[in-house]
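Enquirer:
Number of protein chains: 2
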Amino acid sequence: MSTKPIAVVTLSGGMDSAVCTGLAIEMGFEVAALHLNYGQRTQDKELQAFNNICEHFNIKKKLVVDISYLTSIGGSSLTDHTIAVEKNFHSDVDIPKTYVPFRNANILAIATSWAEVLNASAVFIGAVQEDGSGYPDCREVFFQAFQQTINTGTKPTTTIQILTPLLHLNKKEIVLTGDSIEVPFQFTWSCYDHSEKACGECDSCRLRLRGFREASIKDPIEYQ
Amino acid sequence: MSTKPIAVVTLSGGMDSAVCTGLAIEMGFEVAALHLNYGQRTQDKELQAFNNICEHFNIKKKLVVDISYLTSIGGSSLTDHTIAVEKNFHSDVDIPKTYVPFRNANILAIATSWAEVLNASAVFIGAVQEDGSGYPDCREVFFQAFQQTINTGTKPTTTIQILTPLLHLNKKEIVLTGDSIEVPFQFTWSCYDHSEKACGECDSCRLRLRGFREASIKDPIEYQ
């Protein structure tokens with residue numbers, strides 16, 4: 067029996083969430099990994115990345131939840147907005163193509179439900195404020211408010227802290243952090259394209275490659 | 067084109083949520099009705115109630131979302147707790163048999179995402195504090211904290227108010243309120259049993275029948 071405190075970590079399979087997972091382990095938590103499917107094109111690649119990262123870290127508690135309704139909500143009425151997002155958006159694979167308002171609140175609600183069931187003491191989310199420029203639910207003030215929602219909406223004996231260790235890092239710093247704690251970047255998937263190898267050209271790939279370049283570290287995944 | 071402000075109303079098909087819907091209409095909102103499936107036994111009865119109530123009120127904006135993952139989360143590790151809940155639990159059909167921690171946060175997150183897409187100005191939830199005795203996410207302090215989460219996690223131009231008009235009412239008062247605004251109680255479904263007519267004996271039926279009795283109003287649905 068593990069006597070470590072448990073943390074629910076949202077693990078998309080991208081590099082940010084992989085680093086977040088590594089940090090939770092470094093901090094002494096037993097990780098319970100939560101993966102969310104949005105019905106996105108690269109869903110199977112991301113699920114594979116999730117499973118590989120879990121295996122690497124020997125994570126036994128895993129939960130995969132389908133929240134493709136969020137994409138439907140976003141897609142049904144935000145068509146113009148969606149197009150704009152797809153063209154200009156710079157982010158990790160954590161963020162779906164179709165921008166959905168209040169997405170992180172949905173994710174944190176699911177993570178907190180599971181955390182309370184597991185008697186976990188923390189929820190990790192690899193949100194990066196810089197990536198989510200203009201996204202209100204990527205800001206510290208939002209996470210603070212959600213913390214209060216957890217404090218009031220869970221049992222008195224429950225104490226779940228939201229931890230956002232990447233919130234104020236840039237991609238270079240995330241790469242350096244991950245490298246220092248031996249995060250298996252080779253298993254992560256960031257590309258928006260669904261092909262055998264990452265395209266190297268989409269917004270997500272370019273952001274990732276720039277992070278590795280600035281960190282002077284070789285990205286171990288293969289590109290087309 | 068409607069020029070009314072829009073409100074997303076969570077509408078399970080039970081009497082509380084039906085009254086909540088009626089109140090939103092009385093207050094001058096165009097209602098966008100959100101129905102959640104948990105994979106509960108009476109799912110089809112509740113969906114039928116939802117559709118009938120929407121038709122009655124001429125509600126055009128409808129969204130049905132499957133959140134059976136919440137039941138899986140609850141059921142997977144809370145077996146003992148679940149049994150206790152099923153035996154002792156008094157509530158409307160809004161509450162699933164399997165108690166899920168932080169359920170209302172999940173529901174409000176979905177409702178808020180849809181509300182922001184619709185440019186709605188309110189989210190109604192028919193939570194009743196009395197019913198949820200011991201449920202932290204049925205208390206006013208929780209809804210206040212979630213309001214702050216909405217304020218910080220949505221666009222600066224978005225102003226969505228959470229409204230909980232039933233929070234401090236008892237079942238008798240809910241019946242009287244619904245009756246005064248001609249809520250179609252005949253279409254509502256509260257019973258935990260999946261049979262042609264309501265059983266009249268489960269916790270939910272008994273609570274409902276007592277409410278009607280105390281209000282000196284005849285419950286228009288048929289019982290076995």
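Going line by line, the protein sequences match chains P and B.
The numbering used here puts the first residue of the first sequence at 67, with every later residue one more than the last.
The numbering used here puts the first residue of the second sequence at 67, with every later residue one more than the last.
From the three backbone atoms N, C-alpha and C, an ideal C-beta is built for every residue, glycine too.
1) Report the three-state DSSP secondary structure of A122 (chain B) (helix, strand or coil).
2) Within the same chain, show all residues whose beta-carbon is closer than 7 Å to that of T225 (chain P), passing over the 5 residues directly before and after it, in chain order.
3) Would you kindly work out how many angstroms separate the C-alpha atoms of F212 (chain P) and F212 (chain B), rounded to a whole number?
4) Considering only their Cβ atoms, is the gap separating T254 (chain B) from A84 (chain B) smaller than 7 Å?
5) Given a cut-off of 7 Å on the beta-carbon distance, is the pair S256 (chain P) and M81 (chain P) in contact?
6) Is Y258 (chain P) helix, strand or coil when you go by DSSP?
7) Using CA atoms only, rank isn't needed, just tell me which of P:C268, P:E239, P:A264 and P:D269 is closest to I283 (chain P).
8) Distance check for Y135 (chain P) and Q114 (chain B), CA to CA, integer angstroms please.
9) Would DSSP call I228 (chain B) helix, strand or coil?
10) Take K128 (chain P) as the anchor and find which of B:G105, B:K263, B:S138 and B:L273 has the nearest alpha-carbon.
11) Looking at the secondary structure, which residues open and close the alpha helix (DSSP H) in which E280 (chain B) lies?
12) Is T45 (chain P) buried or exposed, if buried means 16 or more other CB atoms sit within 10 Å of its CB?
13) Would you call the CB atoms of I72 (chain P) and A98 (chain P) closer than 7 Å?
14) Would you mind sorting Q286 (chain P) into buried or exposed? The rule is 16 or more other CB atoms within 10 Å of its CB.
15) Pick out whichever of B:F116, B:E262 and B:Q227 has its Cα sitting closest to the Cα of F190 (chain B).
16) Distance cutoff 7 Å, beta carbons only. Does R279 (chain B) sit that close to anything in chain P?
17) Buried or exposed: which applies to Q290 (chain P), given that a residue is buried once 16 or more other Cβ atoms fall within 10 Å of its Cβ?
18) Could you name the residues of chain P that Y104 (chain B) contacts, counting a contact when the two beta carbons are closer than 7 Å?
19) Taking only beta-carbon atoms, is G192 (chain P) less than 7 Å away from chain B?
20) Could you work out which residue in B:N118, B:R169 and B:F95 is closest to L102 (chain B) when comparing CA atoms only?
21) Would you grab the beta carbon distance between T178 (chain P) and T220 (chain P) for me? Rounded to a whole angstrom, and I think it's under 8 Å.
22) Given that a residue counts as buried once 16 or more other Cβ atoms are within 10 Å of its Cβ, and exposed if not, what is Q106 (chain B)?
23) Do you know whose CA, among B:H260, B:K263, B:N236 and B:E262, lies nearest R279 (chain B)'s CA?
24) Determine which residues share a DSSP beta bridge with N170 (chain P) and list them.
25) Closer than 8 Å, Cβ to any Cβ of chain B: which residues of the segment 198-218 of chain P, in chain order?
26) Whole angstroms are fine: how far does the CA of Y104 (chain P) sit from the CA of D132 (chain P)?
27) What's the call for T108 (chain P), buried or exposed, on a 16-neighbour Cβ count within 10 Å?
28) Under the three-state reduction of DSSP, which class applies to K284 (chain P): helix, strand or coil?
29) Can you check DSSP and say which residues form a bridge with I72 (chain B)?
30) Please check if any C-beta of chain B sits within less than 7 Å of the C-beta of W180 (chain P).
31) What residues in its chain sit with their C-beta under 6 Å from that of F209 (chain B), if we drop five residues either side in the sequence?
32) Do the CB positions of C86 (chain P) and L232 (chain P) come within less than 7 Å of each other?
33) Scan the segment 85-97 of chain P for residues whose Cβ lies nearer than 9 Å to a Cβ of chain B and list them as they occur along the chain.
34) Could you list which residues in chain B have their beta carbon closer than 9 Å to that of D132 (chain P), in chain order?
35) Is DSSP giving L102 (chain B) helix, strand or coil here?
36) Kindly indicate if chain P contains any beta-carbon less than 7 Å away from that of A309 (chain B).
Expert: Reading off the structure:
1) Along the second sequence, one-based indexing puts residue 122 (chain B) at 56. The question names Ala, yet the displayed sequence has His at residue 122 (chain B). Three-state DSSP puts H122 (chain B) in a helix.
2) Against the first sequence, residue 225 (chain P) aligns to sequence position 159. So the qualifying residues of the chain are S187.
3) Position 146 of the first sequence, counting from 1, holds the residue named residue 212 (chain P). Position 146 of the second sequence, counting from 1, holds the residue named residue 212 (chain B). Approximately 7 Å, taken between the alpha carbons.
4) As a first step, residue 84 (chain B) is located in the second sequence; it is residue number 18 there, counting from the start. As a first step, residue 254 (chain B) is located in the second sequence; it is residue number 188 there, counting from the start. Yes, Cβ-Cβ distance for A84 (chain B) and T254 (chain B) is below 7 Å.
5) Locating residue 256 (chain P) in the first sequence gives position 190, counting from the first residue. Locating residue 81 (chain P) in the first sequence gives position 15, counting from the first residue. For the pair S256 (chain P) and M81 (chain P), the CB atoms are nearer than the 7 Å cut-off.
6) Counting from one through the first sequence, the residue named residue 258 (chain P) turns up at place 192. The answer is coil: DSSP assigns Y258 (chain P) none of H, G, I, E or B.
7) What you label residue 283 (chain P) is simply residue 217 of the first sequence in a count that begins at 1. Among P:C268, P:E239, P:A264 and P:D269, the Cα nearest to that of I283 (chain P) is on P:E239.
8) Your numbering for residue 114 (chain B) matches position 48 in the second sequence. Your numbering for residue 135 (chain P) matches position 69 in the first sequence. Roughly 20 Å between the two C-alpha positions.
9) Translated into positions along the second sequence, residue 228 (chain B) becomes position 162. The answer is strand: DSSP assigns I228 (chain B) an E or B state.
10) Stepping through the first sequence from its first residue, residue 128 (chain P) is reached at position 62. Nearest of B:G105, B:K263, B:S138 and B:L273 to K128 (chain P), Cα basis: B:S138.
11) As a working mapping, residue 280 (chain B) is identified with position 214 in the second sequence. First-last of the alpha helix (DSSP H) with E280 (chain B): D269 to E280.
12) Since the first residue shown for chain P is 67 and the last is 290, residue 45 (chain P) is missing from the structure and cannot be characterised.
13) Looking up residue 72 (chain P) in the first sequence gives position 6. Looking up residue 98 (chain P) in the first sequence gives position 32. Going by beta carbons, I72 (chain P) and A98 (chain P) fall inside the 7 Å limit.
14) Numbered from its first residue, the first sequence carries residue 286 (chain P) at position 220. Here residue 286 (chain P) turns out to be Pro, not Gln, going by the sequence shown. By the Cβ neighbour-count rule, P286 (chain P) is exposed, with fewer than 16 other Cβ atoms within 10 Å of its own.
15) Indexing the second sequence from 1 puts residue 190 (chain B) at position 124. Of the candidates B:F116, B:E262 and B:Q227, B:Q227 places its Cα closest to the Cα of F190 (chain B).
16) Numbered from its first residue, the second sequence carries residue 279 (chain B) at position 213. Answer no: the Cβ-Cβ gap between R279 (chain B) and chain P never drops below 7 Å.
17) For the purposes of this step, residue 290 (chain P) is taken as the residue at position 224 of the first sequence. Burial call: exposed.
18) Position 38 of the second sequence, counting from 1, holds the residue named residue 104 (chain B). The CB of Y104 (chain B) never comes closer than 7 Å to any CB in chain P; the least such distance is about 12 Å.
19) Within the first sequence, the letter at position 126 stands for residue 192 (chain P). Taking 7 Å as the CB threshold, G192 (chain P) stays off the interface with chain B.
20) Residue numbering aside, residue 102 (chain B) sits at position 36 when the second sequence is read from its first letter. Considering only alpha carbons, the answer is B:R169.
21) Within the first sequence, the letter at position 112 stands for residue 178 (chain P). Within the first sequence, the letter at position 154 stands for residue 220 (chain P). About 7 Å separates the two Cβ atoms, so the contact holds.
22) In the second sequence, counting from the first residue as 1, residue 106 (chain B) sits at position 40. Here Q106 (chain B) is buried: its Cβ has 16 or more other Cβ atoms, across all protein chains shown, within 10 Å.
23) For the purposes of this step, residue 279 (chain B) is taken as the residue at position 213 of the second sequence. That would be B:N236, whose Cα lies nearest to the Cα of R279 (chain B).
24) Taking the first sequence and counting its residues from 1, the one referred to as residue 170 (chain P) is at position 104. Paired residues: none, contrary to the question.
25) Cβ contacts with chain B come from P202, D203, R205, V207, F208, Q210, A211, F212, Q214, T215, I216, N217 and T218.
26) By 1-based counting over the first sequence, the position of residue 132 (chain P) is 66. By 1-based counting over the first sequence, the position of residue 104 (chain P) is 38. CA-CA distance, D132 (chain P) to Y104 (chain P), rounds to 6 Å.
27) Here residue 108 (chain P) is taken as the residue at index 42 of the first sequence, counted from 1. The residue is buried, with at least 16 neighbouring Cβ atoms inside 10 Å.
28) Here the question's residue 284 (chain P) lines up with position 218 in the first sequence. In the structure shown, K284 (chain P) sits in coil (DSSP, three-state: anything other than H, G, I, E or B).
29) By one-based count along the second sequence, residue 72 (chain B) stands at place 6. B:E96.
30) Here the question's residue 180 (chain P) lines up with position 114 in the first sequence. Yes, W180 (chain P) lies at the interface with chain B (some Cβ there is under 7 Å from its Cβ).
31) Sequence index remark: in the second sequence, residue 209 (chain B) carries index 143 (1-based). Contacts found: I228 and T230.
32) As a first step, residue 86 (chain P) must be located in the first sequence, where it is residue number 20. As a first step, residue 232 (chain P) must be located in the first sequence, where it is residue number 166. Yes.
33) Cβ contacts with chain B: none found.
34) Looking up residue 132 (chain P) in the first sequence gives position 66. For D132 (chain P), the C-beta contacts it makes with chain B under 9 Å involve D132 and Y135, in order along the chain.
35) Against the second sequence, residue 102 (chain B) aligns to sequence position 36. Of the three classes helix, strand and coil, the one that applies to L102 (chain B) here is strand, per DSSP.
36) In the structure as shown, chain B starts at 67 and stops at 290, and residue 309 (chain B) therefore has no counterpart that could be examined.
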